[in-house]
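S.K.:
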Amino acid sequence: MSKKSILKGNYTVANPVRVTKDEETTLTEKMQTAAARALGGSACYIKKANPVWRPPKKEKQDGE
Amino acid sequence: MENNLGKQIAQFVSKLTADKVTAVGLRNAKLNRPHYRKTIDDLLIPKHGPDSAAIVVVGGPSLHRKHTAARIAQTNFTGDIITADGSFGYCLRHGVIPQYMVCLDPNPYRIVRWFGDPDLASRPPDDYFRRQDFDPKYWEDEMRYNQELTELVNQHGSKIKAILCTSVDPTVTKRCVESGMDIYWWNQFYDDPDDPTQTVTRELVGLTGGIPCMNTGGNVGTAAYIFSWAVLGHRQVALAGFDLGYAPGTPFLNTQYFYELRDLFGERVAEAYIEIQNPYLNETWYTDPTYYWFREIILELAKQAPCTTYNCTEGGTLFGANINFISLSEFLNKFGQNGG
Numbered sequence: 001m002s003k004k005s006i007l008k009g010n011y012t013v014a015n016p017v018r019v020t021k022d023e024e025t026t027l028t029e030k031m032q033t034a035a036a037r038a039l040g041g042s043a044c045y046i047k048k049a050n051p052v053w054r055p056p057k058k059e060k061q062d063g064e
Numbered sequence: 001m002e003n004n005l006g007k008q009i010a011q012f013v014s015k016l017t018a019d020k021v022t023a024v025g026l027r028n029a030k031l032n033r034p035h036y037r038k039t040i041d042d043l044l045i046p047k048h049g050p051d052s053a054a055i056v057v058v059g060g061p062s063l064h065r066k067h068t069a070a071r072i073a074q075t076n077f078t079g080d081i082i083t084a085d086g087s088f089g090y091c092l093r094h095g096v097i098p099q100y101m102v103c104l105d106p107n108p109y110r111i112v113r114w115f116g117d118p119d120l121a122s123r124p125p126d127d128y129f130r131r132q133d134f135d136p137k138y139w140e141d142e143m144r145y146n147q148e149l150t151e152l153v154n155q156h157g158s159k160i161k162a163i164l165c166t167s168v169d170p171t172v173t174k175r176c177v178e179s180g181m182d183i184y185w186w187n188q189f190y191d192d193p194d195d196p197t198q199t200v201t202r203e204l205v206g207l208t209g210g211i212p213c214m215n216t217g218g219n220v221g222t223a224a225y226i227f228s229w230a231v232l233g234h235r236q237v238a239l240a241g242f243d244l245g246y247a248p249g250t251p252f253l254n255t256q257y258f259y260e261l262r263d264l265f266g267e268r269v270a271e272a273y274i275e276i277q278n279p280y281l282n283e284t285w286y287t288d289p290t291y292y293w294f295r296e297i298i299l300e301l302a303k304q305a306p307c308t309t310y311n312c313t314e315g316g317t318l319f320g321a322n323i324n325f326i327s328l329s330e331f332l333n334k335f336g337q338n339g340g
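Chains P and F, in that order, give the protein sequences. Going by UniProt numbering, the first residue of the first sequence is number 1, and it counts up by one from there. Going by UniProt numbering, the first residue of the second sequence is number 1, and it counts up by one from there.
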């Protein structure tokens, strides 16, 4: 689809952004400081072989 | 390194999510403690056969564009129906009463809206629902819809098992309790409890009295998908409303993270979106970095899952190995009578 922006301004979407090492650092900092509150999902994702985890019995008793 | 800005951002989303949700999720887990009576381990689940079917319904734009709920209601589907919070009211309105409703987002104002917010009039202004492609006609009059939704949820609540993550805001817990839902709790992972150097999740499990953890995939829809096979044990699982993106022609303003992306990238905001050509539809949809991250995770999970996964959304960006992209009608014809 055409990426015609609803915003004013000139940019060319068809040309991918060229990222140098310095720009990458800038992007990282920007994302971590400004976007953390907004762009993340609604929950964490941790890679696990088994998607359900139960505490070992002793730990469960400690928590009760 | 990806040279598309949107895909570059997507690589950061996992960490951003942890930064965003951990503190509030743990806070809510403490506040919800008075309600911890049953967990997902207390669900009475029959032993399923290899063809036992479930449909996981979430709130992507194809849900209303393809009239998914009404089509399910017409077929007398006998398997389990699992909704996410955002598609729950939509299903009820179209005569689909799900067995399970999954909720996990810690947001203090928005999530309770899916159940009818008794305090809506006093909430800060928020165009989140009106702006997006959530059955838009229905959201035009938000106050009236809120009242109707409140009554509908109160009417059907006692038939629903609410599968609540301990991270949900107490306003959500309160609405689930008030409407008579039967609540089963679970914890999300904030880190790896099997790693001795990581302690957050293990401490959370202790704090909540041993409530088991379930992976989420970063959002409630993927958590509902995981729940369908990892907890309920279904082996034929259909996904509906899993667009994980936006239909061709959708204005950027109507995308979930538009304001945030605009604030970050200004006039280059369009570059943060990612186009995906769907070969099954022969259409080019687009997505944003967050949904792109969700998409990558589901593709990874589908390989791991012991079920066969069917994407019956009939739209969107989710296709790939281990995902059978078929119509909802085909799934219902094949597995519609393969209940429990």
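Built from N, CA and C at the ideal position, the CB exists for glycine as well.
Among Thr68/F, Asn76/F, Tyr109/F and Glu330/F, which has the Cα closest to the Cα of Arg93/F?
M.R.: Comparing Cα positions, the closest option is Thr68/F.
S.K.: Spatial neighbours of Thr56/F within its chain, please: C-beta separation below 6 Å, excluding the five flanking residues on both sides.
M.R.: Looking at the sequence provided, one finds Val at residue 56/F rather than Thr. So the list reads Ile82, Ala224, Tyr225, Ser228 and Leu239, once near-sequence residues are dropped.
S.K.: Grouping DSSP H, G and I as helix and E and B as strand, with all else coil, what is Trp53/P?
M.R.: Here Trp53/P sits in strand by DSSP.
S.K.: Within 10 Å of its beta-carbon, does Ser42/P have 16 or more other beta-carbons around it, so buried, or fewer, so exposed?
M.R.: It is buried - the Cβ of Ser42/P has at least 16 other Cβ atoms within 10 Å.
S.K.: DSSP three-state label for Ser327/F, please.
M.R.: Reduced to three states, the DSSP call for Ser327/F is coil.
S.K.: Quick one: what does DSSP say Glu283/F is sitting in, helix, strand or coil?
M.R.: Strand, per DSSP.
S.K.: For Glu140/F, does the three-state DSSP call read helix, strand or coil?
M.R.: In this structure, Glu140/F counts as coil in the three-state DSSP scheme.
S.K.: By Cβ distance, which residues of its chain are closer than 7 Å to Ser5/P, with the 5 residues on each side in sequence left out?
M.R.: Because the pLDDT of Ser5/P is 39, which lies under 50, any placement of that residue in the model is unreliable, and the question is left without a value.
S.K.: To the nearest angstrom, report how far apart Gly315/F and Val168/F are at their CA atoms.
M.R.: C-alpha separation (whole angstroms): 29 Å.
S.K.: Are the beta-carbon atoms of residue 342/F and Tyr190/F separated by less than 8 Å?
M.R.: Residue 342/F is absent from the structure shown; chain F starts at 1 and stops at 340.
S.K.: Of the choices Asn32/F, Glu178/F and Phe325/F, whose alpha-carbon is the least far from that of Pro170/F?
M.R.: Measuring from the Cα of Pro170/F, the nearest candidate turns out to be Asn32/F.
S.K.: From which residue to which residue does the alpha helix (DSSP H) around Glu314/F run?
M.R.: Premise fails: Glu314/F is in no alpha helix (DSSP H) and is neither H nor E.
S.K.: Among residues of its own chain, excluding the 5 on either side of Tyr109/F, which ones have a beta-carbon nearer than 6 Å to its beta-carbon?
M.R.: Once the five neighbours on either side are set aside, the close Cβ partners of Tyr109/F are Arg123.
S.K.: Between which residues of its own chain and Tyr246/F is the CB-CB distance below 6 Å, once the five residues before and five after are set aside?
M.R.: Excluding residues within five positions, the ones whose Cβ falls inside 6 Å are Thr255 and Tyr286.
S.K.: Work out the CA separation of Gly95/F and Gln74/F for me, nearest whole Å.
M.R.: Taking the straight line joining both Cα atoms gives about 9 Å.
S.K.: Which runs of the alpha helix (DSSP H), 4 residues or longer, sit entirely within the stretch 166 to 225 of chain F?
M.R.: Taking only runs of at least 4 residues, the alpha helix (DSSP H) segments lying wholly in the stretch 166 to 225 of chain F are 170 to 178 and 200 to 207.
S.K.: Relative to the C-alpha of Cys176/F, which candidate in Glu151/F, Gly217/F, Thr197/F and Gly266/F has its C-alpha closest?
M.R.: It is Glu151/F whose Cα lies nearest to the Cα of Cys176/F.
S.K.: Quick check on the DSSP output: what are the complete beta strand (DSSP E) runs of length 3 or more inside the stretch 62 to 123 of chain F, in order along the chain?
M.R.: Entirely contained in the stretch 62 to 123 of chain F, the beta strand (DSSP E) runs reaching 3 residues are, in chain order, 80 to 84 and 100 to 103.
S.K.: Enumerate in chain order the residues of its own chain whose CB-to-CB distance from Ala272/F is below 7 Å, with the five nearest sequence positions on each side excluded.
M.R.: Taken in chain order, the residues that qualify are Leu5, Gly6, Ile9, Leu261, Phe265, Asp288 and Pro289.
S.K.: Taking just the CA atoms, how far does Asn215/F sit from Ile46/P?
M.R.: Taking the straight line joining both Cα atoms gives about 7 Å.
S.K.: Helix, strand or coil for Ala18/F? Go by DSSP, reduced to three states.
M.R.: DSSP places Ala18/F in helix when its eight states are reduced to three.
S.K.: On a Cα-Cα basis, can you pick out the residue from Asp141/F, Ala23/F and Thr78/F that is closest to Asp105/F?
M.R.: When only C-alpha atoms are compared, the closest one is Ala23/F.
S.K.: Straight-line CA distance for Ile72/F to Ile326/F?
M.R.: Whole-angstrom Cα-Cα distance: 15 Å.
S.K.: Taking DSSP as the reference, what is the three-state secondary structure of Ala230/F?
M.R.: Correct three-state label for Ala230/F: helix.
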